[in-house]
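Asks:
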Amino acid sequence: MPQASARHILVSTEKECLDLKKQIAEGADFGQIAAEYSSCPSGADGGALGTFGPGQMVPEFDAAVFGGEVGEVQGPVKTDFGYHLLEVTQRTE
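Using full-length UniProt numbering, read the sequence shown as starting at 1 and increasing by one per residue.
#1: Just to confirm, is the Cβ distance from T79 to S5 under 8 Å?
#2: Quick one: what's G92 bridged to in DSSP?
#3: What are the start and end residues of the beta strand (DSSP E) that includes F81?
#4: With DSSP run on the structure shown, which of helix, strand or coil describes A28?
#5: Tell me which residues share the same chain as G31 and place their Cβ nearer than 6 Å to its Cβ, disregarding the 5 neighbours each side in the sequence.
#6: CA-CA distance, V70 and T92?
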């Protein structure tokens with residue numbers, strides 16, 4: 001079964017999510033941005049979510065994690081929780 005490790009940043013608006021994505025693209029550290037802006041408790045750990053398999057996260061998040069490129073910042077991904085930027089740090093097939 002595939003497994004992935006990822007980190008994310010959760011914010012309440014798409015605009016904020018896009019602004020943070022731009023900052024990261026311009027060289028800001030993903031983990032520092034997560035610690036400063038994410039409303040998820042994982043922000044304190046740089047947004048790290050640990051390792052998980054398909055179906056353990058909400059469908060929108062799952063699709064991005066298991067369908068996107070490792071190391072690429074993806075998003076905004078909208079879920080019932082808000083807007084996410086996410087980065088898959090590792091994945092096994």
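Glycine included, each C-beta is placed from N, C-alpha and C at the ideal position.
Replies: Judging by the given coordinates:
#1: Cβ distance not < 8 Å, so T79 and S5 don't count as in contact.
#2: According to the sequence displayed, residue 92 carries Thr and not Gly. DSSP lists Q3 as partners of T92.
#3: Here F81 belongs to no beta strand (DSSP E), and DSSP marks it neither H nor E.
#4: Coil, per DSSP.
#5: Taken in chain order, the residues that qualify are G46.
#6: If I take the Cα positions, the gap works out to 10 Å.
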